[in-house]
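Encoded as C-alpha cells, the structure appears first; notes follow it.
Number of protein chains: 2
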Amino acid sequence: MTAARPSRKKAARKAPDRTPTRRPRKTVTVELAERSYPIEIGSDWLESIGRRIGQRLGAGRIALVTVPTVARRYAPRLTRGLTETGARVGRIVVPDGDATKNLRQVGELYDRFLELGMDRHSAVVTLGGGVAGDLGGFAAATFLRGIPFAQVPTTVLAMVDASIGGKTGVNLAQGKNLVGAFHQPAGVYVDVDTLRSLPRRERAAGLAEIVKAGAIWDEALFRWLESKVEAFLDLDPKVVIPTLEWACSIKAEVVARDEREGGLRRLLNFGHTLAHAIEAQAGYRGILHGEAVSIGMVFAAERSEALGFSRPGVRDRLEALLRRAGLPTRPPKRTREAYLAALAVDKKKQGDTVHFVVLEGIGSAGTTSLRPRDILPRGWTA
Amino acid sequence: MTAARPSRKKAARKAPDRTPTRRPRKTVTVELAERSYPIEIGSDWLESIGRRIGQRLGAGRIALVTVPTVARRYAPRLTRGLTETGARVGRIVVPDGDATKNLRQVGELYDRFLELGMDRHSAVVTLGGGVAGDLGGFAAATFLRGIPFAQVPTTVLAMVDASIGGKTGVNLAQGKNLVGAFHQPAGVYVDVDTLRSLPRRERAAGLAEIVKAGAIWDEALFRWLESKVEAFLDLDPKVVIPTLEWACSIKAEVVARDEREGGLRRLLNFGHTLAHAIEAQAGYRGILHGEAVSIGMVFAAERSEALGFSRPGVRDRLEALLRRAGLPTRPPKRTREAYLAALAVDKKKQGDTVHFVVLEGIGSAGTTSLRPRDILPRGWTA
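Chains A and B are the protein sequences, given in the same order.
Residues in the first sequence are numbered from 80 upward in steps of one, following my numbering.
Residues in the second sequence are numbered from 80 upward in steps of one, following my numbering.
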C-alpha cells in the first residue's frame with residue numbers, strides 16, 4: 080500500500096533570517112498572480128498596520144469587524160492608523176465563539192455595512208481570531224458580489240492558518256464551514272504583541288498547527304520547534320516572529336501551488352480527520368481546534384506506522400513535542416462506533432472514502448483514500 | 080463633454096448562420112480561459128439537455144432548483160435525461176418571484192442540499208428564470224465553498240442575460256442583488272420551446288434586453304430586430320434561435336473581455352439607471368424588469384441627445400422598435416424629487432456619481448460619470 084504523494088517539489092526556500100534587530104519585521108508573500116498578497120509580521124506596530132492597510136485598500140469606508148475582548152484592547156490603535164489615511168471606519172463587534180459563525184450573523188453584517196453607507200469602493204478589515212476572519216471575510220466575499228478585505232489576526236492559529244489561503248465561511252447547524260467562498264485578502268498584518276492577551280492554552284493550540292507544518296513539510300522547522308517550544312509559548316519575540324514567518328511561508332507555498340484545494344493542499348489536513356470527529360463528538364465545546372488536531376496528528380502518525388507508511392519512532396517524536404507544548408495527544412474515551420459515526424461528516428463531504436493524510440517521516444507526508452472502518456480498524460479503542 | 084469609451088474593438092465576429100435546418104442548434108462559447116463554458120440553443124431537446132448536463136457535470140448527486148410552473152411542465156423530461164447519466168436527482172421547488180431571492184431561501188437550499196446528501200462532487204442545475212438561476216447559482220457558489228452548476232433558463236431574459244456572466248445573488252430588504260458571488264456555470268442550455276408557456280408580456284420584456292444589445296453594440300442586430308420583432312414574439316423558431324444566439328454572443332463577448340465588471344461590462348447597464356429607480360419606486364411590483372429597462376433606454380437615449388453625445392433621431396428609432404414590441408417607453412408619472420431619491424440606491428453602490436451609459440448612435444455606447452441631479456436636470460418631468 081502506498082500513499083499518493085502529490086507533486087510537491089519544494090522551492091529552494093531560504094531559511095528565514097533569524098537575526099533579531101531592534102524591531103524585526105518580516106514579510107511572506109502569498110503568490111497568487113494578480114491576487115498575490117503580503118503577510119507582514121512585526122511587533123508593537125498596530126497603528127502602522129492601520130496606515131498600511133488604509134493605503135493598500137484605498138477605501139473610502141472601512142468596516143472593522145472584530146470581537147469584544149480584542150476590540151477593547153486593539154481596535155483604537157488600529158482605527159487611528161486607518162483613519163489617518165482618510166478612511167471612515169465603522170466598528171462592528173460580533174460575539175466571539177464559533178457559534179457566532181452563522182448565516183444570521185452574516186445577514187447582520189450586511190445590514191451594518193449598508194448602515195455605514197458602504198459601496199463597491201469600501202472594504203472590510205477583520206481584527207481577531209478565526210471567527211472575525213472567517214465571518215468578516217465571507218461577508219466581504221459576498222457583499223455587492225465581493226469587496227476587498229484585509230486581516231489582522233490576533234491568535235496564533237489565525238496568524239498561521241486561518242488568514243492564509245482565502246478560505247472564508249460560516250457554519251450551518253449541520254456542521255462546520257459548510258458554507259463559504261474563496262476570497263483572497265489584500266493583505267495579512269500580524270502584530271505579535273496582540274498574543275500577550277491570548278491565554279497560554281490558546282497559544283499552544285495554535286502552535287499545534289505550526290508543528291503540523293513542520294511534520295508534513297519541513298523537518299528543519301520541526302527541529303527548530305524542538306529547541307524553542309517553551310520560548311515560543313513565553314512569547315520571546317526573537318523566537319515568535321521567525322517561527323510565525325516560517326510557518327506562514329510553508330502554508331503560503333502550499334496554497335500558492337494549489338489555490339483551490341487539489342491534492343497538495345490536502346496535506347494541510349494532516350491530523351484533521353480524527354480532529355473533526357473529536358470536535359463533532361464534543362459538540363465543539365471544551366476542546367480547542369488545535370488540541371483536537373494535536374490528538375489527530377498523533378493518531379494519524381500511529382496509523383501511518385501501522386499501515387506501513389512510516390518507520391517506527393515518528394509517532395513518538397511527534398507526541399513528545401506536542402506534550403512539551405502542553406497539548407493533549409490521546410483521544411477522549413469513546414467507543415469506536417461513536418468515532419465512526421462522527422467520521423461520517425467528512426465522508427459526506429468527500430464520498431465513500433476519506434482522504435487521509437499519512438506521515439512518511441518528520442517533514443514528509445502523502446494522502447491515501449480510506450474507508451472510515453479502515454481508518455479506525457476493528458479492535459481500535461480510544 | 081465626452082463619454083468615456085471603454086476599449087471595445089469588436090472581434091471580427093461572423094454573422095451567425097441563419098439558414099434554418101430541420102432542428103437547428105447553435106452554440107455560443109463564453110471565453111473565460113479555464114472557466115469557459117458553452118451556451119447551447121436548440122428546440123424540443125430537454126431530455127437531451129439533461130444528458131448533456133449530466134455528462135458535463137459528472138456529478139453523483141444533482142439538486143434541480145426550479146419554480147412551480149416550470150417544474151410541472153419541464154422538470155420531468157430534464158430529470159429523465161440527467162438520471163440516464165447515473166446522477167441521483169433531487170428536485171427543489173422554490174416559490175417564484177423576486178421576493179423569494181433572499182437569504183432565508185438560500186439557507187433553506189443549503190438544508191435541502193444536505194438532506195440530499197450532497198458533497199463536493201455534487202452539482203446544482205437551475206431550471207427557470209432569473210430567480211431560479213440567481214438563487215440556485217448563489218447557493219452553488221457558496222455551498223462547501225462552491226460546487227459546479229449548470230443553467231437551463233426558461234425565460235427570454237434569463238436566456239440572454241441572467242444566465243451569462245456568472246452573476247449570482249440575492250436581494251436584501253434594502254435593495255436588489257446586494258449580496259452575491261461571481262460563479263461561472265459549467266454550461267447554459269436553452270430549449271426555446273420552453274418559451275411557449277411564457278406570457279407574451281414577458282417575452283417582450285426579455286426582448287428589451289436584446290434590443291439593448293443591438294443598441295449599444297451592433298447595429299446589424301438592431302436592424303434584424305426591426306425586421307423580425309413580431310416573428311420573434313410569435314416564437315418563430317427560424318427567428319428565435321438565431322436571435323438568441325446573436326444576443327448571447329454579444330453578451331458573451333462583453334463578459335469575456337471584462338469578467339469582473341470594469342469599464343466595458345458597464346455598457347450592459349444601458350437604460351438601467353432609470354430602470355432601477357422605476358423598479359424601486361414601484362416596490363418591484365407591477366412592472367417587469369425589461370419594461371423598466373425599455374423606459375430607461377429611451378430616457379438614456381433622450382439624455383444622450385440632450386447632452387450632445389448622439390445625433391438627433393437615435394432616440395426615436397429606439398422608441399419605435401420598443402413600441403412595436405409592445406413595451407412601455409415613458410416613465411410613470413412621479414415627481415423629479417421622487418426619482419432622485421430612488422437614484423440614491425445606485426449612488427450608494429458607486430459613490431457620489433453614477434456611471435451613466437450614453438448612446439452615441441445605434442450600435443455604439445460609452446459611459447460618463449454624472450451626479451443624479453445632472454441625470455435628471457431641474458425642470459425634468461416624467
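For every residue, glycine included, the Cβ atom is placed at its ideal position computed from N, Cα and C.
Once DSSP output is grouped into helix, strand and coil, what is the label at residue i?
i	result
A:Gln360	helix
A:Val319	helix
A:Ala90	The predicted model places A:Ala90 with a pLDDT of 47, which falls under 50 and marks its position as unreliable, so this point remains unresolved.
B:Pro155	helix
B:Phe388	coil
A:Thr273	helix
A:Thr233	coil
B:His368	helix
A:Thr100	Any reading at A:Thr100 must be qualified, since the residue scores a pLDDT of 47, below 50, and its modelled position is unreliable; the value itself is stated next. Coil at A:Thr100, not helix or strand.
B:Phe349	coil
A:Leu125	helix
B:Ile132	helix
A:Gly245	coil
A:Pro147	helix
A:Leu111	coil
Suppose contacts are defined by Cβ-Cβ distances below 8 Å. Is residue i in contact with residue j by that definition?
i	j	result
B:Leu367	B:Ala284	yes
B:Leu438	B:Thr352	no
B:Pro411	B:Ile357	yes
A:Gly133	A:Thr158	no
A:Ala287	A:Val377	no
A:Arg390	A:Gly350	no
B:Asp272	B:Ser122	yes
A:Asp431	A:Arg457	no
B:Thr247	B:Ile289	no
B:Ala229	B:Pro264	yes
A:Val149	A:Val173	no
Could you work out which residue in the options is closest to residue i when comparing CA atoms only?
i	options	result
B:His262	B:Val239, B:Glu113, B:Phe301, B:Pro451	B:Glu113
B:Trp459	B:Gly442, B:Arg413, B:Thr432, B:Ile441	B:Arg413
A:Leu251	B:Phe192, B:Ser448, B:Phe217, B:Ala385	B:Phe192
B:Ala154	B:Ala178, B:Pro407, B:Ser127	B:Ser127
A:Gly369	A:Lys246, A:Leu401, A:Lys180, A:Ala335	A:Leu401
B:Ile171	B:Trp124, B:Tyr189, B:Gly365, B:Asp453	B:Tyr189
A:Asp213	A:Pro103, A:Asp337, A:Ala260	A:Ala260
A:Arg152	A:Arg275, A:Gly266, A:Val204	A:Arg275
B:Asp270	B:Ala178, B:Arg156, B:Asp453, B:Leu195	B:Arg156
A:Val204	A:Val239, A:Arg135, A:Lys255	A:Arg135
A:Gly293	A:Glu324, A:Arg280, A:Ala310, A:Leu143	A:Glu324
B:Glu194	B:Val168, B:Gly208, B:Phe217	B:Val168
Rounded to the nearest angstrom, what separates residue i and residue j at their Cα positions?
i	j	result
A:Glu416	B:Leu206	41 Å
B:Arg224	B:Val258	15 Å
A:Tyr268	A:Gln253	33 Å
A:Gly186	B:Leu182	8 Å
B:Leu277	B:Glu332	27 Å
A:Thr221	B:Phe435	25 Å
B:Thr446	B:Ala420	22 Å
B:Pro232	B:Ser443	28 Å
A:Ala379	A:Lys180	28 Å
B:Leu312	B:Arg409	21 Å
B:Val64	B:Gly244	Outside the shown range of chain B (80 to 461) lies residue 64 of chain B, about which nothing can therefore be said.
A:Glu163	B:Arg140	52 Å
A:Pro316	B:His200	45 Å
B:Arg104	B:Ile120	6 Å
B:Pro407	A:Gly176	53 Å
A:Leu386	A:Ile295	17 Å
A:Gly266	A:Arg131	9 Å
B:Val466	A:Asp337	Since the first residue shown for chain B is 80 and the last is 461, residue 466 of chain B is missing from the structure and cannot be characterised.
B:Val210	B:Asp240	13 Å
B:Leu111	A:Leu304	45 Å
B:Tyr363	A:Gly375	53 Å
A:Ala354	A:Asn348	10 Å
B:Ala461	A:Ala178	51 Å
Would you mind telling me which residues of chain E sit closer than 7 Å to residue i, beta carbon to beta carbon, in chain order?
i	result
B:Leu182	Reference to chain E is not applicable here, since the protein chains of this structure are A and B.
Margin query: Please give the ranges of any alpha helix (DSSP H) in the segment 156–233 of chain B, keeping only runs that are unbroken, at least 4 residues long and fully inside the region.
Written below: 182–194, 209–221
Check: What runs of the alpha helix (DSSP H), each 4 residues or longer, lie entirely inside the segment 391–461 of chain A?
Finding: 393–403, 415–429, 451–454
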